[in-house]
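J.:
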Amino acid sequence: MRFYIRFIFCLLLTLLAMPLYAQISCLNASRNIRIGLVSQGLPTTWKIEPSTGFVEIFDQNKKQSVYSGKASEIVITAMKGGKMKVAVDARKSLYYFSNELLFSAVGRPPVNLKVRAGSRKSFSYRGSIAISPRDGGLRGINIVDIEDYLKSVVPSEIHNRAPDAALQAQTIAARTYAIRNLNRHSDKENFQLCDKVHCQVYSGIAREIKATSKAVKETAGKILVYENSPANTVYHSNCGGYIIDSRAAWKGASVPYLIGHYDGISGHKPFCYYGKLVQKNGNIKLPAPQKKITITRMGAKSKTSTHKNFGHRVGMCQDGAIGMSAIGYGSRQILAFYYPGTKLATMRYAVPSGKPAETKPVVVASLPGSAAVSIVAPPNPTQISALQRSSKTASSGSVKGTLRQISGNGKSHTATGLRKLFWTPGSPGISRSIY
1 MRFYIRFIFC LLLTLLAMPL YAQISCLNAS RNIRIGLVSQ GLPTTWKIEP
51 STGFVEIFDQ NKKQSVYSGK ASEIVITAMK GGKMKVAVDA RKSLYYFSNE
101 LLFSAVGRPP VNLKVRAGSR KSFSYRGSIA ISPRDGGLRG INIVDIEDYL
151 KSVVPSEIHN RAPDAALQAQ TIAARTYAIR NLNRHSDKEN FQLCDKVHCQ
201 VYSGIAREIK ATSKAVKETA GKILVYENSP ANTVYHSNCG GYIIDSRAAW
251 KGASVPYLIG HYDGISGHKP FCYYGKLVQK NGNIKLPAPQ KKITITRMGA
301 KSKTSTHKNF GHRVGMCQDG AIGMSAIGYG SRQILAFYYP GTKLATMRYA
351 VPSGKPAETK PVVVASLPGS AAVSIVAPPN PTQISALQRS SKTASSGSVK
401 GTLRQISGNG KSHTATGLRK LFWTPGSPGI SRSIY
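So the sequence shown is numbered by this note's numbering: it starts at 1 and just counts up by one.
#1: Span of the alpha helix (DSSP H) holding Phe337?
#2: Which class does Pro155 belong to by DSSP, given the choice of helix, strand or coil?
#3: Considering Cα atoms alone, identify which of Val362, Thr45, Met347 is closest to Ser25.
#4: Roughly how many whole angstroms lie between the Cα atoms of Tyr67 and Thr45?
#5: Compute the distance between the beta-carbons of Leu138 and Met84, then report whether it is under 8 Å.
#6: Quick one: is Ser385 buried, meaning 16 or more other Cβ sit within 10 Å of its Cβ, or exposed?
#7: Whole angstroms is fine: what's the gap from Ser246's alpha carbon to Lys214's?
#8: Residues in the same chain with beta-carbon distance under 6 Å from Ser325, minus the five sequence neighbours each way, listed in chain order, please.
#9: Around the C-beta of Thr359, are 16 or more other C-beta atoms found within 10 angstroms, so that it is buried, or is it exposed?
#10: Taking the alpha carbon of Glu157 as the reference point, which residue from Ile141, Gly69, Tyr235 has its own alpha carbon closest?
#11: Roughly how many angstroms separate the alpha carbons of Glu49 and Ile143, rounded to a whole number?
#12: Would you list the residues sitting across from Tyr149 in a DSSP beta bridge?
#13: Shorter than 8 Å from the beta carbon of Ser65 to some beta carbon of chain D?
#14: Rounding to the nearest angstrom, what Cα-Cα distance links Gln200 and Arg91 in this structure?
#15: Is it true that the CB of Asn99 sits closer than 8 Å to the CB of Lys47?
#16: In this structure, how does DSSP classify Glu189 when only helix, strand and coil are distinguished?
#17: Would you give the residue range spanned by the alpha helix (DSSP H) that Gln64 belongs to?
#18: Using DSSP with H/G/I as helix, E/B as strand and the rest coil, what is Ala231?
#19: What residue range is occupied by the uninterrupted beta strand (DSSP E) comprising Val453?
#20: Are the CB atoms of Gln333 and Val314 within a distance shorter than 8 Å?
#21: Distance check for Ile146 and Phe271, CA to CA, integer angstroms please.
#22: Asn183: buried (16+ other C-beta within 10 angstroms of its C-beta) or exposed?
#23: Buried or exposed, going by whether 16 or more other CB atoms sit within 10 Å of the CB of Asn112?
#24: Per DSSP, what are the beta-bridge partners of Asp319 in this structure?
#25: Using only the alpha-carbon positions, how far apart do Val216 and Val115 sit?
#26: Going by DSSP, what residues sit across from Phe97 in a beta bridge?
#27: Since Asn232 and Cys317 are thought to touch, with beta carbons under 8 Å apart, how far apart are those beta carbons, to the nearest angstrom?
#28: State yes or no: is the C-beta of Phe54 within less than 8 Å of the C-beta of Gly69?
#29: Can you tell me whether Ala249 is buried or exposed? The criterion is at least 16 other CB atoms within 10 Å of its CB, across all chains shown.
#30: What did DSSP end up calling Asp59 once you bin it into helix, strand or coil?
#31: Are the CB atoms of Ala71 and Ser124 nearer to each other than 8 Å?
#32: Would you grab the beta carbon distance between Ser331 and Ala169 for me? Rounded to a whole angstrom, and I think it's under 8 Å.
#33: Here's a check: name, in chain order, each residue in its chain whose Cβ is nearer than 7 Å to the Cβ of Glu218, leaving out the five neighbours to either side.
#34: Would Ile322 be called buried (16 or more neighbouring beta carbons within 10 Å of its own) or exposed?
#35: Whose CA, out of Ala178, Gly140, Gly252, Gly82, lies closest to the CA of Ser30?
#36: Looking at the strands, I want to know which residues DSSP matches up with Ile141.
Okay, structure coming up:
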């Protein structure tokens with residue numbers, strides 16, 4: 001009996017001493033990921049230019065190099081029978097490859113590859129490019145470090161002039177989403193994530209900016225976990241003042257950290273809302289192609305109001321995150337607000353020596369219960385019209401000024417190209433008719 005007690009005690013000590021990445025298997029994932037360049041289609045030719053003037057071509061199946069040396073331009077052409085021809089500077093041709101070939105620039109870093117698919121415009125990518133025959137054409141895949149991948153994803157998914165805390169929160173959400181969805185595409189496709197909105201928008205080096213690259217560096221390897229698995233950190237552009245439950249958007253099982261709630265702290269105005277509010281007893285029909293949204297306060301005297309939004313309204317509201325950041329909330333508080341109950345963990349490849357992991361979730365404030373409001377008919381984001389930018393001005397030192405500076409007066413820098421209007425806790429809006 002005494003031996004049994006000692007054994008249990010030693011086992012508990014071992015488990016407690018075990019690093020977090022040994023307990024959560026996802027933290028051991030490779031930092032190199034395969035991104036299918038689906039947006040480039042399946043052209044019959046690809047052109048690759050190494051930034052260093054030297055290239056290595058590696059046969060992935062045979063695990064051997066087929067060419068290594070000088071190269072200004074490599075042209076890969078689809079052939080009949082599911083094969084392809086490779087020409088190096090029009091002086092050396094390598095014939096009839098049916099296996100995936102990996103193209104890597106060779107030389108002192110930083111290095112990249114300029115890629116042109118068919119007659120499309122050129123893009124430059126970090127990492128390596130894999131080309132393989134598929135359905136009569138050629139599929140391109142970018143094999144890239146996940147941290148470099150995020151340098152392009154983050155500015156493609158959120159306004160690049162957002163405050164630092166919002167950019168950091170977006171970076172952690174995007175990294176978590178990528179780690180969680182590494183198996184989203186089938187083995188037959190031979191890549192893990194695509195470069196379109198189906199996964200996360202990725203356009204290579206062209207989208208990178210200093211502010212978001214800084215956010216990637218400052219949050220290196222950090223993800224959100226729930227019950228030892230990566231959280232489903234979905235996000236959207238603008239919730240209109242209310243986050244909805246994941247079941248209301250997609251049905252399925254309830255997700256404890258994707259609950260419906262007011263986008264603000266109870267008793268205060270929301271972090272984000274949109275548009276001019278019209279209050280009325282009854283439903284208000286919005287112009288086509290928009291859908292009707294009704295928010296009803298549960299009580300003796302009910303009030304209804306209508307507002308606009310953009311996105312599925314589940315998880316993190318990007319405009320709300322910008323609003324929280326502008327009034328002093330940090331990235332960890334933003335994530336705790338939009339994904340309550342999740343914990344911050346660090347991928348093994350980025351774990352600093354001796355740095356402890358979170359043992360319990362961070363709590364910002366108690367969220368109003370989802371029963372406080374009833375949200376009917378969440379809209380399809382494709383049916384919401386483009387938002388219009390505000391022409392009003394404000395002092396640069398105010399919260400309103402911060403958000404409108406982000407909005408700007410020129411061309412939008414968002415991935416969708418939509419003209420967005422940012423509201424603040426100090427603006428009149430939905431809170432007056434609900435709280």
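Quick reminder that beta carbons are idealized off the backbone N, C-alpha and C, glycines included.
Keep in mind the model is a prediction, meaning the values are calculated, not measured.
T.: Based on what the coordinates show:
#1: Reading the sequence shown from its first residue, position 337 is the one you call residue 337. 331 to 338 is the extent of the alpha helix (DSSP H) around Phe337.
#2: The count along the sequence shown starts at 1 and reaches residue 155 at position 155. The answer is helix: DSSP assigns Pro155 an H, G or I state.
#3: Locating residue 25 in the sequence shown gives position 25, where the first residue counts as 1. That would be Met347, whose Cα lies nearest to the Cα of Ser25.
#4: Locating residue 67 in the sequence shown gives position 67, where the first residue counts as 1. Locating residue 45 in the sequence shown gives position 45, where the first residue counts as 1. Going by the C-alpha atoms only, they are around 19 Å apart.
#5: As a working note, residue 138 is residue 138 in the sequence shown. As a working note, residue 84 is residue 84 in the sequence shown. Cβ distance < 8 Å, so Leu138 and Met84 count as in contact.
#6: Within the sequence shown, the letter at position 385 stands for residue 385. No answer about Ser385 holds up, because its pLDDT of 28 lies below 50 and its placement is not dependable.
#7: Within the sequence shown, numbered from 1, the residue matching residue 246 stands at position 246. Within the sequence shown, numbered from 1, the residue matching residue 214 stands at position 214. Cα to Cα, the separation comes out at about 31 Å.
#8: To locate residue 325, count along the sequence shown from 1; it is residue 325. Excluding positions up to five away in sequence, the list reads Pro163, Ala165, Ala166.
#9: In the sequence shown, the residue the question calls residue 359 occupies position 359. With fewer than 16 other Cβ atoms within 10 Å, it is exposed.
#10: Counting from one through the sequence shown, the residue named residue 157 turns up at place 157. With distances taken between Cα atoms, Glu157 lies closest to Tyr235.
#11: For the purposes of this step, residue 49 is taken as the residue at position 49 of the sequence shown. For the purposes of this step, residue 143 is taken as the residue at position 143 of the sequence shown. For Glu49 and Ile143, the distance between alpha carbons rounds to 16 Å.
#12: Within the sequence shown, residue 149 is the residue found at index 149, counting from 1. None, per the DSSP bridge assignment.
#13: You won't find chain D in this structure, because it holds only one protein chain.
#14: By 1-based counting over the sequence shown, the position of residue 200 is 200. By 1-based counting over the sequence shown, the position of residue 91 is 91. In a straight line, the C-alpha of Gln200 is about 39 Å away from that of Arg91.
#15: Working through the sequence shown from its first residue, we reach residue 47 at position 47. Working through the sequence shown from its first residue, we reach residue 99 at position 99. No. Outside cutoff.
#16: The residue given as residue 189 occupies position 189 in the sequence shown. In this structure, Glu189 counts as coil in the three-state DSSP scheme.
#17: As a position in the sequence shown, residue 64 is number 64, starting the count at 1. Per DSSP, Gln64 belongs to no alpha helix (DSSP H); it is in the beta strand (DSSP E), 64 to 70.
#18: Here residue 231 is taken as the residue at index 231 of the sequence shown, counted from 1. The answer is coil: DSSP assigns Ala231 none of H, G, I, E or B.
#19: Outside the modelled stretch of the chain, which goes from 1 to 435, sits residue 453, for which no answer is possible.
#20: Translated into positions along the sequence shown, residue 314 becomes position 314. Translated into positions along the sequence shown, residue 333 becomes position 333. It is not a contact, given that the beta carbons lie outside the stated cut-off.
#21: Walking along the sequence shown from the start, residue 271 turns up at place 271. Walking along the sequence shown from the start, residue 146 turns up at place 146. Their backbone Cα atoms lie some 31 Å apart in a straight line.
#22: Along the sequence shown, one-based indexing puts residue 183 at 183. With fewer than 16 Cβ atoms within 10 Å of its Cβ, Asn183 is classed as exposed.
#23: Here residue 112 corresponds to residue number 112 of the sequence shown, with the count starting at 1. The residue in question, Asn112, is buried, as its Cβ has 16 or more Cβ neighbours within 10 Å.
#24: In the sequence shown, residue 319 corresponds to position 319, counting from 1. In the DSSP output, where bridge partners are listed per residue, Asp319 has none listed.
#25: The residue given as residue 216 occupies position 216 in the sequence shown. The residue given as residue 115 occupies position 115 in the sequence shown. Computed Cα separation, rounded: 24 Å.
#26: Working through the sequence shown from its first residue, we reach residue 97 at position 97. Bridge partners of Phe97: Met84.
#27: Translated into positions along the sequence shown, residue 232 becomes position 232. Translated into positions along the sequence shown, residue 317 becomes position 317. Asn232 to Cys317, Cβ: 16 Å. No contact.
#28: Counting from 1 along the sequence shown, the entry for residue 54 is found at position 54. Counting from 1 along the sequence shown, the entry for residue 69 is found at position 69. Cβ distance < 8 Å, so Phe54 and Gly69 count as in contact.
#29: Against the sequence shown, residue 249 aligns to sequence position 249. Burial call: buried.
#30: Here the question's residue 59 lines up with position 59 in the sequence shown. It is a strand residue.
#31: Counting from one through the sequence shown, the residue named residue 71 turns up at place 71. Counting from one through the sequence shown, the residue named residue 124 turns up at place 124. Not a contact, by the Cβ cut-off of 8 Å.
#32: Position 331 of the sequence shown, counted from the first residue, corresponds to residue 331. Position 169 of the sequence shown, counted from the first residue, corresponds to residue 169. Contact holds; Cβ gap of about 4 Å.
#33: Reading the sequence shown from its first residue, position 218 is the one you call residue 218. If we look at Glu218 and ignore the five residues flanking it on each side, its Cβ neighbours are Gln168.
#34: Indexing the sequence shown from 1 puts residue 322 at position 322. It counts as buried.
#35: Residue mapping note: residue 30 aligns to position 30 of the sequence shown, counting from 1. Comparing Cα positions, the closest option is Ala178.
#36: Residue numbering aside, residue 141 sits at position 141 when the sequence shown is read from its first letter. Partner(s): Gly36, Ala130.
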